[in-house]
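K.L.:
I have a structure here, written as structure tokens, and I will follow up with some questions on it.
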Amino acid sequence: MDQLRTDDPRGADFTQSDDPVALFSAWMKEAEAAEPEDPNAMALATAGSDGLPDVRVVLLKGFDARGFVFYTNAQSAKGEELAQNPQAALVLHWKSLRRQVRARGQVSPVSPEDADAYFASRHPESRLGAIASQQSRPLADRATLMGAVAELAARYSDGPIPRPAHWTGFRIAPTSIEFWQNGDFRLHDRVRFTRTGDGWSRARLYP
Numbered sequence: 014m015d016q017l018r019t020d021d022p023r024g025a026d027f028t029q030s031d032d033p034v035a036l037f038s039a040w041m042k043e044a045e046a047a048e049p050e051d052p053n054a055m056a057l058a059t060a061g062s063d064g065l066p067d068v069r070v071v072l073l074k075g076f077d078a079r080g081f082v083f084y085t086n087a088q089s090a091k092g093e094e095l096a097q098n099p100q101a102a103l104v105l106h107w108k109s110l111r112r113q114v115r116a117r118g119q120v121s122p123v124s125p126e127d128a129d130a131y132f133a134s135r136h137p138e139s140r141l142g143a144i145a146s147q148q149s150r151p152l153a154d155r156a157t158l159m160g161a162v163a164e165l166a167a168r169y170s171d172g173p174i175p176r177p178a179h180w181t182g183f184r185i186a187p188t189s190i191e192f193w194q195n196g197d198f199r200l201h202d203r204v205r206f207t208r209t210g211d212g213w214s215r216a217r218l219y220p
């Protein structure tokens with residue numbers, strides 16, 4: 014018996030899609046409506062020159078045909094690993110929708126203009142925190158961090174808060190994107206799109 018879920022209001026079989034970009038955009042829109050908190054949270058895996066994987070949760074801040082964008086301190090652990098090995102993998106899991114999306118590919122910095130625009134859109138306190146935080150470095154106590162934030166707040170009280178050069182965005186240009194949807198009795202539905210030149214090839218996968 015066909016176990017493909019039929020609770021998609023459009024009645025579409027996502028495994029027959031030819032466009033992973035459009036499919037991801039549709040799933041992301043549904044997640045934004047259904048997930049109670051941080052539908053754009055994604056696990057990001059990187060590895061440095063030693064090859065040892067590292068993973069953490071970050072927020073997806075942009076997506077289009079060029080790839081998935083997130084922002085961070087380039088001097089952080091993840092930033093240093095990406096400098097050594099500019100490749101990454103990600104997964105978004107939407108528990109309420111019983112879906113996940115995986116992708117992996119080459120990583121490159123976004124343009125300074127894009128980084129400036131996103132930095133300027135953040136809350137002023139978040140901008141100050143990004144400057145004050147020596148991300149991933151040892152910190153004696155919280156008072157030290159909050160003191161640095163207070164000092165910066167006084168310094169920039171009458172003017173714009175500049176984006177530090179080491180705070181930027183990264184784009185993962187996917188070589189593959191996989192969509193997974195929970196099925197009854199663990200008969201899940203999976204489809205993987207693999208980059209082929211300017212297009213994509215598609216393969217349905219066993220669960």
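My numbering puts the first residue of the sequence shown at 14, with every later residue one more than the last.
Every residue, glycine too, gets a C-beta built ideally from N, C-alpha and C.
(1) In angstroms with no decimal places, state the Cα-to-Cα distance between V82 and R184.
(2) Measure the C-alpha to C-alpha separation of G212 and Y131 and round it to an integer number of angstroms.
(3) Secondary structure at Q100, three-state DSSP: helix, strand or coil?
(4) Please state whether the Cβ-Cβ distance between A60 and Q100 is less than 9 Å.
(5) Contact between the segment 165-183 and the segment 138-157: three or more CB pairs below 8 Å?
(6) I'd like the list of long-range same chain contacts for H106, defined as Cβ closer than 6 Å, with 5 residues on each side in sequence excluded.
(7) So if DSSP puts V114 in a beta bridge, which residue, or which two residues, is it bridged to?
(8) Ends of the beta strand (DSSP E) at R168?
(9) Keeping to the same chain, check which residues put their C-beta closer than 6 Å to that of F206; ignore five residues upstream and five downstream.
(10) Can you tell me whether DSSP reads Y219 as helix, strand or coil?
(11) Please name the residue, chosen from P220, P49, I174 and P66, that lies closest to L110 on a Cα-to-Cα basis.
(12) Does the distance from the CB of A145 to the CB of V162 come in under 9 Å?
(13) Whole-angstrom Cβ separation of T85 and V71, contact assumed at under 8 Å?
(14) Figure out for me which residue from L103, A78 and Q29 has the closest Cα to the Cα of S38.
(15) For Q16, count neighbouring Cβ atoms within 10 angstroms of its own Cβ and tell me buried if that reaches 16, exposed if not.
(16) Between which two residues does the beta strand (DSSP E) carrying P66 extend?
(17) Buried or exposed for G172, going by 16 or more other Cβ atoms inside 10 Å?
(18) At which residues does the beta strand (DSSP E) containing A130 begin and terminate?
(19) Given this structure, state the Cα-to-Cα distance separating V123 from N98, to the nearest angstrom.
P.N.:
By the coordinates alone:
(1) 4 Å
(2) 29 Å
(3) strand
(4) yes
(5) yes
(6) Q113
(7) L105 and F192
(8) That residue, R168, is in no beta strand (DSSP E); its alpha helix (DSSP H) goes R155 to R168.
(9) P33, I190, W213 and R215
(10) coil
(11) P49
(12) yes
(13) 7 Å
(14) A78
(15) At Q16 the pLDDT is 41, less than 50, meaning the model places this residue with poor confidence; the figure from the coordinates comes in the next sentence. Exposed, since its Cβ has fewer than 16 Cβ neighbours within 10 Å.
(16) P66 to L72
(17) exposed
(18) Unbroken run through A130 is the alpha helix (DSSP H), P125 to S134; no beta strand (DSSP E).
(19) 17 Å
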